[in-house]
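One structure is given here, and the rest of the page talks about it.
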Amino acid sequence: MLPFKLLFHPGLTVDLGAHVFPAQKYRLVRDRLLEAGIADHGDFVAPHPASEQDLLRVHTPEYLRKLQQDEFSVRERIAMEVPWSRDLVQASWLAAGAATEAAGRAKRDGCAVVIGGGFHHAFPDHGEGFCLIHDVAVAVRALRAGGSLGRVAILDLDVHQGNGTASIFGDDPDTFTVSLHQEANYPVGKPPSRIDVGLPDGIGDSEYLAALEGPLAASLDFAPDLLFYLAGADPYEHDLLGGLGLTQDGLRERDRRVFEAARRAGVPVTVTLAGGYAAKTSDTVTIHVNTVLAAAQVFARADP
Ligand SMILES: [Zn+2]
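Structure, rendered in C-alpha cells:
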C-alpha cells in the first residue's frame with residue numbers, strides 16, 4: 376500500500392484515434408502499477424469532474440460554452456491539436472476535478488498523484504497543444520476559494536514551457552511559477568513564468584539536474600503551502616516531441632530530488648503527469664511509473 380493516494384478515472388483515457396498523444400498511457404500506468412505490485416486497488420481514488428463554479432474561476436464562460444457545444448473556429452481547432460469529442464470534454468472536467476481532489480489530499484497526506492493532467496498549455500479563453508482546461512489552475516483557485524490554500528508553487532518540468540500557467544498566474548503574487556524546458560521547442564511565444572530556464576537542445580542528465588537545483592530551491596524558499604509538480608516524461612531522450620537527452624534513470628533522479636527537497640522543506644506535493652510522447656509508449660509508461668515509485672520511496676519514510 377502506498378503512503379498517498381493515486382487519482383485515476385477510466386474517463387481520463389480518451390480515444391484520440393491515430394495521434395501522437397498516447398491517451399491510453401493513463402490506463403497503462405494504472406495497470407503497470409498494479410501488475411508490478413507497486414500499488415493495490417485501495418491506493419486508487421476516482422475523482423469527480425470539476426464543478427462549473429470551479430472551472431469559472433479560471434476559464435471564461437464563453438470558452439466553456441464553446442467547449443461544451445463544440446463551437447470552435449478552424450483556427451481554434453488547429454491550436455487545440457486534439458479532435459473535439461464529448462469524451463474529451465468530460466476527460467478535461469475530470470482532470471481538473473482530479474487535480475483539485477489531489478491537492479486537498481496532498482495537504483493531508485504529504486503527497487498525491489494524479490494519473491493524468493498537467494494541462495499547462497490551456498488558457499482562460501482558449502485551448503492549445505492538447506490542453507483544454509488548466510487542471511492545476513482550477514485546483515489552486517478552488518482550494519483558495521475554500522480558504523484552505525495560500526501560497527503555491529508550480530514546478531513545471533515538462534519539456535515544453537508552461538505558457539498557460541505563466542499567463543494565468545502572471546500577476547498573482549501568491550503563486551510562484553517555475554518552468555524548466557527546452558528553449559527551442561513549442562510554444563513559440565513563452566509568456567514569462569516567475570522563473571524560466573530555457574535549456575539548450577540535447578542536454579543530458581547531469582546538465583539537467585544541475586539546472587534544476589536553483590529553481591527547485593527557489594520554489595521551496597517561496598514557502599508555499601503546496602507544491603504542484605508537473606512531472607512531464609517528455610524530457611526523455613527518445614521523446615518524439617522533445618529534444619532533450621535525459622535517460623530514464625536521469626528522470627527518476629529528477630523526481631527523487633523534487634520529492635526529497637519538498638519533504639525536507641515540509642511542503643506537500645501534488646503531482647500531475649503532463650506530457651510524454653516516447654517512440655515506445657511503454658517507455659513513457661515506465662517514466663510515469665517511476666515518478667510514483669520515487670514519491671513512494673521518499674514519502675514512505677517516517678521522518679523527513
Ligand atoms: Zn510537453
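The sequence shown begins at 376 in the working numbering and counts up one residue at a time.
Where is the CB? At the ideal position from N, CA and C, for every residue including glycine.
Distance cut-off 8 Å: residue i Cβ against heavy atoms of ligand 1
i	result
Asp-533	yes
Leu-615	no
Ala-649	yes
Gly-620	no
Gly-525	no
Gly-607	yes
Bridge-paired residues (DSSP) for residue i
i	result
Lys-380	Ala-487
Glu-451	For Glu-451, which the question treats as bridged, DSSP gives no partner whatsoever.
Tyr-604	Leu-530, Val-646
Leu-621	Tyr-611
Phe-551	Ala-528
Glu-503	Cys-506
Val-420	Leu-382
Leu-574	Gln-557
Ala-653	Asp-614
Residue i versus residue j: straight-line alpha-carbon distance, rounded
i	j	result
Ile-453	Lys-482	38 Å
Glu-410	Leu-621	26 Å
Tyr-539	Ala-471	The residue asked about is misnamed: residue 539 is Gly in this sequence, not Tyr. Taking the straight line from one Cα to the other gives about 14 Å.
Arg-569	Ala-541	8 Å
Gly-537	Val-515	16 Å
Asp-531	Tyr-604	6 Å
Phe-396	Ala-675	32 Å
Tyr-401	Asp-547	31 Å
Thr-661	Val-667	10 Å
Val-449	Thr-550	34 Å
Val-433	Val-673	32 Å
Val-420	Ala-585	35 Å
Ile-413	Arg-405	10 Å
Tyr-561	Val-464	23 Å
Asp-462	His-556	30 Å
His-384	Leu-408	14 Å
Ala-466	Asp-390	11 Å
Gly-577	Val-534	11 Å
Gln-399	Thr-388	5 Å
Glu-476	Glu-612	32 Å
Asp-624	Leu-602	23 Å
Gly-392	Gly-491	18 Å
CB-CB length for residue i against residue j, believed under 8 Å
i	j	result
Ala-474	Phe-379	In fact, because the Cβ distance is near 15 Å, the residues do not count as touching under 8 Å.
Pro-422	Leu-469	6 Å
Ala-649	Gly-607	4 Å
Asp-630	Ala-669	4 Å
Ser-554	Asp-580	Not quite, the Cβ-Cβ distance comes to about 19 Å (not below 8 Å), so this is no contact.
Val-646	Ala-637	Between Ala-637 and Val-646 the Cβ distance is about 10 Å, and since that is not below 8 Å, they are no contact.
Leu-442	Leu-507	6 Å
Leu-430	Val-563	The Cβ separation is near 27 Å, so there is no contact.
Thr-435	Asp-500	5 Å
Pro-575	Glu-588	The Cβ separation is near 17 Å, so there is no contact.
Asp-600	Val-527	7 Å
Pro-610	Tyr-583	7 Å
Glu-456	Gly-504	6 Å
Asp-418	Met-376	6 Å
Leu-665	Arg-627	According to the sequence displayed, residue 665 carries Asn and not Leu. Yes, they are in contact, since the Cβ atoms of Asn-665 and Arg-627 sit about 4 Å apart, within 8 Å.
Ile-543	His-509	6 Å
beta-carbon residue i near ligand 3 non-hydrogen atom, thresh 8 Å
i	result
Arg-405	In the structure on display, ligand 3 does not appear, and the ligands it does have are ligand 1.
C-beta neighbour in chain C for residue i, strict 9 Å
i	result
Pro-566	Within the model displayed, chain C is absent; a lone protein chain is all it includes.
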